[in-house]
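Participant: Quick one: structure below, then a few questions.
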């Protein structure tokens, strides 16, 4: 199955800028999260329901490489791409582009796992219906 | 009983600045929280233990009046003063001063209550030992 | 002249929550800013152009009263209302409502002035075209 | 020359937590910045003076790998180590440990360059006295 997923649009906020007059680099890590949750929504996974099942999804690692500054009020289009999913772990790559000019502002990656309590779980067994949604876009 | 409470010192972070090259105004609200938690520590209340008792302490209102800018790397001294405590609600006023020059950068206030679940509780009954610590500095 | 201004919609982010499982109270202050900048956009003022004219718009005071929690992924509708404008200072009130149920989550206020360098300026003289846009919605 | 640099201590703030009841992962990126600026202070570089010389120091890349959660009120000790410095670019690695137990909570890296205006500059020529301070700890 192929799904037509839309990039996530974020309008850079004034409070996200720093005294270099650019968006502070830490915010891109937050934008990745916004884009990731939007991506899940698009494939039919409401993250609130995941947590309501007692499953938490910690970030195992994150990275970002900055190519071009984002400034206050810029619209950026963030495109997450699922690069790994095996029921136990998953990973995304991200592109952050100016939504109007297409300039590549940043690229990044994140890795995640599924926990119930302190225990790593396999989504295939812990939540088969969620597992299938991930599988469908692999 | 009189206690000799120390102001809370915060060193303004680079990521707290915005493109006006000053600390973004929303951070003062966060500094009030830091100062409030430090104040509780000083009177013998570890906020982790409060929450471990199932008691949460939401903010009912907050306000801040900005007098003078704070800049990156400035040390500010935040002095909370308990202005109300009756077991059910409490309130603080805050002064934010440059720790070196004494310049008054901001003043503010916050109001709080105690909840267990969704229920307002009286600390006098819910946690008498915490109640007494508040009473002691009233 | 009457303008038909739309409330500003914000979707509460995961990173805006705290360990009470609600949106941290400091974020409402940031949402007021988002809503204020959106409001200016709607009346034809691009805040980037204001700053490009050498005019900065500091926050003189801010307050918020919390009525009902906002949770992760909730859509809130923030309605700013200009309560004062005299060329030198202006003020807004804000209502934050659940965008779907209409529940009032918070109300607030902010006051602002116009500076060029460190000098307070009257927008009537400093930027007559911006002054008129404010006047039109008073 | 060997210098005896101290780790940077950060006390995890309530507002840094999220609804997983842990410090949100984006804050570690901010802590790296805090630790980096403290490190510069320790080798005699006041970051305000760097910027006053018209030099800005953007982040070229950043990464973090999360090993163990940090919770509200935990003290973490962040140890930056200069892994590259050649006048044009520099890089740090970071260890984030619980300040009391020594548990390794996270490791990370960041890369930076020096700009004046939009131009990459070599600190050796742009600011020889700063260059020497970096050289001394290489």
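Chains as they are written, first to last, in our numbering: chain A, 1 to 138; chain B, 1001 to 1138; chain C, 2001 to 2138; chain D, 3001 to 3138. Note that beta-carbon positions come from the ideal geometry of N, C-alpha and C, so glycine has one too.
Mapping DSSP to helix, strand and coil, what is residue 2124 of chain C?
Facilitator: Residue 2124 of chain C falls in the helix class under three-state DSSP.
Participant: Could you say if the stretch 2052-2062 of chain C and the stretch 1086-1101 of chain B meet the contact criterion of at least three C-beta pairs nearer than 8 Å?
Facilitator: No, the stretch 2052-2062 of chain C does not touch the stretch 1086-1101 of chain B.
Participant: Return the residue from the list B:1110, B:1085, B:1128, B:1079 that minimises the CA-CA distance to residue 942 of chain B.
Facilitator: The displayed coordinates of chain B run from 1001 to 1138. Any statement about residue 942 of chain B would go beyond what the structure contains.
Participant: Hey, out of A:43, A:54, A:75, whose CA is closest to residue 28 of chain A's CA?
Facilitator: The candidate whose alpha carbon is nearest that of residue 28 of chain A is A:75.
Participant: Answer with buried or exposed for residue 20 of chain A, where buried requires no fewer than 16 other C-beta atoms within 10 angstroms of its C-beta.
Facilitator: Counting Cβ neighbours within 10 Å, residue 20 of chain A comes out buried, since at least 16 surround it.
Participant: Say whether chain B places a C-beta atom closer than 7 Å to the C-beta of residue 2001 of chain C.
Facilitator: Any reading at residue 2001 of chain C needs caution, since the residue's pLDDT is 48, under 50, leaving its predicted position unreliable; the model's value is listed next. No, residue 2001 of chain C does not count as interfacial toward chain B.
Participant: Using the beta-carbon count (16 or more within 10 Å), is residue 1083 of chain B buried or exposed?
Facilitator: Per the 10 Å Cβ criterion, exposed.
Participant: Hey, out of D:3011, D:3124, D:3115, whose CA is closest to residue 3054 of chain D's CA?
Facilitator: Residue D:3115 is the option with its Cα nearest to residue 3054 of chain D.
Participant: When the Cα atoms are used, what is the spatial distance from residue 133 of chain A to residue 109 of chain A?
Facilitator: Rounded to whole angstroms, residue 133 of chain A to residue 109 of chain A spans 21 Å at the Cα level.
Participant: Against residue 3021 of chain D, what residues of chain C qualify as contacts under a CB-to-CB distance less than 8 Å, listed in chain order?
Facilitator: Under the 8 Å cutoff, chain C gives 2019.
Participant: Which residue comes first and which comes last in the beta strand (DSSP E) that contains residue 1097 of chain B?
Facilitator: From DSSP, the beta strand (DSSP E) with residue 1097 of chain B extends over 1089-1098.
Participant: Between residue 3068 of chain D and residue 3106 of chain D, what straight-line distance do the alpha-carbon atoms span, to the nearest angstrom?
Facilitator: So the alpha carbons of these two residues sit roughly 7 Å apart.
Participant: Find the residues of chain C that neighbour residue 13 of chain A, judging by a C-beta separation of less than 9 Å, and give them in chain order.
Facilitator: Those within 9 Å of residue 13 of chain A in chain C are 2030, 2033, 2034, 2037.
Participant: Is there at least one Cβ from chain D nearer than 7 Å to residue 64 of chain A's Cβ?
Facilitator: Interface residue, yes.
Participant: Closer than 7 Å by C-beta to residue 70 of chain A: which residues in its own chain qualify, once you throw out the five before and the five after it? Chain order, please.
Facilitator: So the list reads 12, 22, 23, 76, 105, once near-sequence residues are dropped.
Participant: Closer than 8 Å by beta-carbon distance: list the chain D residues that pair up with residue 93 of chain A, in chain order.
Facilitator: None at all; the shortest Cβ gap to chain D is about 13 Å.
Participant: If you measure from the beta carbon of residue 1048 of chain B to each beta carbon in chain D, is any gap under 7 Å?
Facilitator: True, the Cβ-Cβ gap to chain D drops below 7 Å.
Participant: Any idea what DSSP makes of residue 2106 of chain C, helix, strand or coil?
Facilitator: Of the three classes helix, strand and coil, the one that applies to residue 2106 of chain C here is strand, per DSSP.
Participant: Give the straight-line distance between the Cα atoms of residue 6 of chain A and residue 2034 of chain C, rounded to the nearest whole angstrom.
Facilitator: Between residue 6 of chain A and residue 2034 of chain C, the C-alpha separation is close to 24 Å.
Participant: Please confirm whether residue 8 of chain A and residue 38 of chain A have their CB atoms less than 7 Å apart.
Facilitator: Cβ distance < 7 Å, so residue 8 of chain A and residue 38 of chain A count as in contact.
Participant: Between residue 2031 of chain C and the rest of its own chain, which residues show a CB-CB distance below 6 Å, the 5 nearest in sequence each way excluded?
Facilitator: For residue 2031 of chain C, where only same-chain residues beyond five positions count, the Cβ hits under 6 Å are 2010, 2078.
Participant: So that I know if they touch, is there some Cβ in chain D lying closer than 7 Å to that of residue 1106 of chain B?
Facilitator: False, the Cβ-Cβ gap to chain D never drops below 7 Å.
Participant: Throw me the rounded Cβ distance for the residue 2989 of chain D and residue 3130 of chain D pair, which I believe falls under 8 Å.
Facilitator: Outside the displayed span of chain D (3001 to 3138) sits residue 2989 of chain D, for which this structure offers no information.
Participant: Which residues in chain E sit within 7 Å of residue 1024 of chain B, going by Cβ to Cβ distance?
Facilitator: No chain E is present in this structure, whose protein chains are A, B, C and D.
Participant: Is it buried or exposed for residue 3018 of chain D, if we count other Cβ within 10 angstroms and need 16 for buried?
Facilitator: The residue in question, residue 3018 of chain D, is buried, as its Cβ has 16 or more Cβ neighbours within 10 Å.
Participant: For residue 2065 of chain C, which option in B:1127, B:1111, B:1125, B:1016 has the closest C-alpha, if you only look at C-alpha atoms?
Facilitator: The option with the nearest alpha carbon to residue 2065 of chain C is B:1111.
Participant: Grab me the residues of residue 2143 of chain C's own chain with a C-beta within less than 6 Å of its C-beta, minus the 5 sequence neighbours each way, in chain order.
Facilitator: Residue 2143 of chain C lies beyond the stretch modelled for chain C, which goes from 2001 to 2138, so this question has no answer here.
Participant: How should residue 118 of chain A be labelled, buried or exposed, when 16 other C-beta atoms within 10 angstroms of its C-beta is the threshold for buried?
Facilitator: So residue 118 of chain A ends up on the exposed side.
Participant: To the nearest angstrom, how far is the alpha carbon of residue 3026 of chain D from that of residue 3098 of chain D?
Facilitator: Those two C-alpha atoms are separated by around 18 Å.
Participant: Since residue 3048 of chain D and residue 1127 of chain B are thought to touch, with beta carbons under 8 Å apart, how far apart are those beta carbons, to the nearest angstrom?
Facilitator: In fact, because the Cβ distance is near 45 Å, the residues do not count as touching under 8 Å.
Participant: Under 7 Å between the Cβ atoms of residue 89 of chain A and residue 113 of chain A?
Facilitator: Yes, these two residues count as a Cβ contact at 7 Å.
Participant: At which residues does the alpha helix (DSSP H) containing residue 3048 of chain D begin and terminate?
Facilitator: Here the alpha helix (DSSP H) through residue 3048 of chain D covers 3047-3052.
Participant: From the beta carbon of residue 56 of chain A, is the nearest beta carbon of chain D less than 7 Å away?
Facilitator: It does; some Cβ of chain D falls within 7 Å.
Participant: Got a sec? Which residues, its chain only, sit under 6 Å from residue 3044 of chain D by beta carbon, not counting five neighbours each side?
Facilitator: Hits under 6 Å: 3133.
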